[in-house]
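Going by the working numbering, the letters in the sequence shown line up with residues 173 to 596, in that order. The block underneath contains the structure these notes are about, expressed in structure tokens.
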Amino acid sequence: MGMNDDAWECLFAKYNILEKIDSKGQYTISADQIREFREPRLMTKFDHKVNLPTIFQQNDLAILPITRGEYVISSFSAYKDFEEPEQDVKKIFIPPYLQSLVPQFLVSESIALNCASACGVLGDFLEDEDLLPTVNGRMSSGYFRFNINTKHGMQSVNVGNSQIEIDAAYEGIDCLSLFEAKHDLADDFLVRQLYYPFRVWSQRVTKEVKPIFLVFSNGIFNLYQYRFEAPGIYNSLHLVKQKNYIISTSITLTDIENLLRTVRLVNEPKISFPQADRMSRIVNLMELLNEKDMTKQEITSEYAFDERQTNYYTDAGRYLGLLSKGNNKDGEIYFFLSALGNYIMTLDYRSRQLAIAKQILEHQVFNQTLKIHLTCGEMPDRQAVMQIMKNSNLYNLEADSTYYRRAYTVIGWVNWILDTIDDL
């Protein structure tokens, strides 16, 4: 168990929190109570459901801030799954005179938002060319009350001068759009990140307030616009629209064909063949590790993975020679970019994509699968991919059921390579 898990177990035992939730529906806990065991800011920030401490997950609980020094715990429906992104992707271009705004340097939410604005993404998505940046940063919530779904039915929560944070706000003639931006590719989000700012600014302006979620990684921007149908109800949000934008790679089909022709195949490493279908998440993990080395626990808690997924995706990065692992002075496993991974992250966007594609195509199974796709004009089916895998001397794969699951990874990574091509 992690330190958060241990500390919350102690708090729940000391204050009989489960019993009080059972009898009253919720429990209010102060920052001072939490501080008896661990720093509150480390104990209360759970951007994704999978980040919640074990005792919360076991009892279907969540936690929300209500003042600067108080939090409420209940069986809140506090999170929402992202809808599956649309298939269509719109190509965008960074203005050529901007030398400081290049894809490999989009390392923070604020820079990504600046890039989205400069490339015309925000104007296109919000259908307003007269947008101006206005408020951002931390501020007080003021006072408001809302209802939220729980296992015990709808419950009322009072918020008084809690702290909120807005990554960016863009105001046009008719609307104020409030942005929450994330650099990690997760399956869900904490509705509070949209709802509290929405409630605050709905009281301060007369025009419509639009809550927008922006997820960015590896030159791709996914935007989600939501609406709270009943402003007083936390769970009343519905997706209004979703669009995707990608910075042009200038990669052609010829570039990929040249890679296929010139790449030298390598012997399969003694690492389990990957079960990590989304290559985009491996690249995103490289972006995060480019900022700092991370322990296995940090990746699990900060990146909206469960422990099994952390193993799958870090193993996949190691399989490609992009990540390495070691043990820190406390004996914890940690992960860092390999020398090759570090080099790739210094490259310009186009070269980076091609370098990652090269690492994939050095492995026979991906190389042959892509060749068949380009020759036949369509992806080989799962059975054909499994046969290629069985002929590729993969490490530690035996059962047909395992080959069948891992075939998803082969198809997913080959599709990722195809998606880097601008002219398809």
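Ideal placement from N, C-alpha and C gives every residue a C-beta, glycine not left out.
Contact check between the stretch 395-411 and the stretch 314-330: three or more CB pairs, one atom from each, fall below 8 Å, which counts as touching. Boundaries of the alpha helix (DSSP H) around residue 514: 511-516. Residue pairing of residue 327 in beta bridges, as defined by DSSP: 320. The residue from 442, 492, 208 with its alpha-carbon nearest to that of residue 529 is 492. The beta carbon of residue 379 is closer than 7 Å to those of 346, 347, 348 in its chain, skipping five residues each way along the sequence.
Assigned with DSSP and collapsed to three states, residue 422 falls in coil, not helix or strand.
DSSP places residue 458 in no beta strand (DSSP E) but in the uninterrupted alpha helix (DSSP H) bounded by 451-463.
A straight-line Cα-Cα distance of about 20 Å links residue 495 and residue 502.
By the Cβ criterion, the stretch 326-334 is in contact with the stretch 228-247, since at least three pairs of Cβ atoms, one from each stretch, lie closer than 8 Å. For residue 291, the secondary structure class from DSSP, reduced to helix, strand or coil, is coil.
Taking C-beta atoms under 8 Å as the contact rule, residue 507 and residue 461 qualify, at a distance of about 6 Å. Per DSSP, residue 383 is one residue of the beta strand (DSSP E) stretching across 380-389. By the neighbour-count criterion, in which a residue is buried when 16 or more other Cβ atoms sit within 10 angstroms of its Cβ, residue 573 is exposed. The C-beta distance from residue 194 to residue 360 rounds to 26 Å, too long to fall under 8 Å, and the pair is not in contact. Burial check for residue 324: the Cβ neighbour count within 10 Å stays below 16, so the residue is exposed.
The Cβ atoms of residue 397 and residue 384 sit closer than 7 Å to each other. Only exposed fits residue 425, as fewer than 16 other CB atoms lie within 10 angstroms of its CB.
From the listed residues 546, 392, 313, the smallest Cα separation to residue 365 is found for 313. Its Cα nearest to that of residue 337, the residue 282 stands out among 282, 174, 293, 302.
If you ignore the 5 residues before and after residue 284, its C-beta comes within less than 8 Å of the C-beta of 278, 353, 355, 386, 388, 393, all in its own chain and listed in chain order. The straight-line gap separating the alpha-carbon atoms of residue 515 and residue 455 is approximately 14 Å.
By the Cβ test, the stretch 369-379 is not in contact with the stretch 472-480, since fewer than three Cβ pairs between them sit closer than 8 Å.
Membership of residue 370 in the alpha helix (DSSP H) is indicated by the continuous run 364-374. Secondary-structure assignment with DSSP links residue 174 through no beta bridge to anything. Residue 184 counts as buried, since no fewer than 16 other beta carbons sit within 10 angstroms of its beta carbon.
Within 10 angstroms of the beta-carbon of residue 438 lie fewer than 16 other beta-carbons, which makes it exposed.
Closest in C-alpha terms to residue 358, from the list 222, 335, 443, comes 222.
Per DSSP, residue 188 is not a residue of any alpha helix (DSSP H), being assigned neither H nor E. By the neighbour-count definition (other C-beta atoms within 10 Å, threshold 16), residue 265 is an exposed residue.
Where residue 221 is concerned, there is no enclosing beta strand (DSSP E), because DSSP gives it neither an H nor an E. Exposure of residue 182 is indicated by the presence of fewer than 16 other C-beta atoms within 10 angstroms of its C-beta.
Put simply, of 445, 190, 261 the residue whose alpha carbon is nearest the alpha carbon of residue 565 is 445. By the C-beta criterion, the stretch 200-220 is judged not to be in contact with the stretch 291-302, since fewer than 3 inter-stretch pairs fall below 8 Å. Annotated three-state conformation of residue 239 is coil, per DSSP. Taken through DSSP and simplified to helix, strand or coil, residue 584 comes out as helix. Taking all protein chains shown into account, residue 402 has fewer than 16 neighbouring C-beta atoms within 10 Å of its C-beta and is therefore exposed.
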